[in-house]
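Novice: Residues in the sequence shown are numbered from 22 upward in steps of one, following this note's numbering. Where is the CB? At the ideal position from N, CA and C, for every residue including glycine.
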Amino acid sequence: MRKKIVAGNWKMNKTFSEAEMLLEEIAELLTDDLLSKATVVVCPPSLYLELADDIAAENGFYTGAQNLSDKESGAYTGEISAAMIKSIGVDYVIIGHSERRTYYHETDELLKEKVLQALKHELTPVFCCGEVLDQRNQSIHFDVVKKQLEIALFDLSPEEFSKIVIAYEPVWAIGTGVNATPAQAQEMHTYIRKLIADRYNKEIADETTILYGGSCNEKNAPELFSQPDVDGGLIGGASLKAESFIGIIKAI
Ligand code: PGA
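1. Count the other CB atoms within 10 Å of the CB of L70; is the residue buried (16 or more) or exposed (fewer)?
2. Flag this pair as yes or no: are the beta carbons of Y113 and G85 separated by less than 7 Å?
3. Relative to the ligand PGA, is the shortest distance from any of its heavy atoms to the C-beta of G85 smaller than 6 Å?
4. Could you tell me the distance, in whole angstroms, from the CA atom of G95 to the CA atom of I106?
5. Taking 6 Å as the cut-off, is the CB of I195 close to at least one heavy atom of the ligand PGA?
6. What is the DSSP secondary structure of T274, counted as helix, strand or coil?
7. Considering only the beta carbon of each residue, do P146 and I185 sit closer than 7 Å?
8. Under the assumption that I267 contacts I256 (Cβ atoms under 8 Å), give the Cβ distance between them as a whole number of angstroms.
9. Closest to A90 by C-alpha separation, out of L140, V192, L72 and T52, would be which residue?
10. Quick check on F175: does DSSP put it in helix, strand or coil?
11. Could you tell me if E127 is buried or exposed, where buried requires 16 or more neighbouring beta carbons within 10 angstroms of its beta carbon?
12. Skipping 5 residues on each side, what residues in its chain have a beta carbon closer than 7 Å to that of I273?
13. Would you mind giving the Cβ-Cβ distance between P203 and E152, rounded to the nearest angstrom? I have them listed as a contact below 8 Å.
14. Is any heavy atom of the ligand PGA found at a distance shorter than 6 Å from the C-beta of G95?
15. Within 10 Å of its beta-carbon, does K223 have 16 or more other beta-carbons around it, so buried, or fewer, so exposed?
16. Return the residue from the list A242, K168, Q87 and K167 that minimises the CA-CA distance to V111.
17. Should V251 and A218 be called a contact, given that it needs their Cβ atoms to be closer than 7 Å?
18. Measure the CB-CB distance between A188 and G234 and report whether it falls below 7 Å.
19. To the nearest whole angstrom, what separates the beta carbons of I115 and F182, a pair I think is in contact under 8 Å?
20. G332 by DSSP, collapsed to three states: which one?
21. For V251, report the span of its alpha helix (DSSP H) as first-last.
22. Quick check: does the Cβ of L132 come within less than 6 Å of any heavy atom belonging to the ligand PGA?
23. According to DSSP, T145 sits in a beta bridge with which residue or residues?
Take a look at the structure:
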């Protein structure tokens, strides 16, 4: 059975002491029962990953980086490599978040290199895909997502692909308070699973965890997560408060 995951993407928020407090609160509220239902991943700013991973390791949850370099090592000022991230015990990395695509001009060709770096160093990529509002209005959202997956992921071998987690995040839903309806999420997740089955096989498609992201909160999570092809969520704003993050995990 495929893994259910709830991952919190803190983005560029929290000072060190605030981060420490939030991590401690999450650790305290996470029960064994919740941890048996979902894999919980916290993705703080990279600066706090070591701290986060120490707390996570003691409390049954996992950590993820929000980004990584497409390069192995060397003269790339400001970059953080997959090997560095792995060396402090981190297990996941978000790749291709729409904010990185938009503000830092990350292309699917570049993201493909990042995915390869992550896999080489045994980090699980949480690969983000999704359309902007204009593309949905033009009814080309399926084609947009298909192209993103084809370029960045579909050259992977079946063995490599089976290590990928996908997050469908319609850009119009991120940070806007307007979530995709459960039906819209389910429709796209089914489509993505079919693409995987066509490119690889049904077994791999059935085993791939596909998360929904975009204004997911305690209120809408139960219905979103009850969709058969929605395997959890990538949570932004609502992961910045322990109670709301835990509330979302409870919806799994
Ligand atoms: P949001 O962000 O939950 O604040 O909409 C989701 C994300 O960007 O991953």
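Specialist: A quick look at the data gives this:
1. buried
2. yes
3. no
4. 15 Å
5. yes
6. In the structure as shown, the chain starts at 22 and stops at 273, and residue 274 therefore has no counterpart that could be examined.
7. yes
8. With 8 Å as the limit, I267 and I256 do not qualify as a contact, their Cβ atoms being about 11 Å apart.
9. In the sequence as displayed, the identity of residue 90 is Ser instead of Ala. Minimum Cα distance to S90 is reached at L140.
10. coil
11. buried
12. K25, V27, K58, A59, F246 and G253
13. Contact doesn't hold; Cβ gap of about 18 Å is too wide.
14. no
15. exposed
16. Q87
17. no
18. yes
19. No, I115 and F182 are not in contact; Cβ-Cβ is about 18 Å, not under 8 Å.
20. There is no way to answer for residue 332, as the model of the chain reaches only from 22 to 273.
21. Element bounds for V251: n/a, residue is neither H nor E.
22. no
23. Y113
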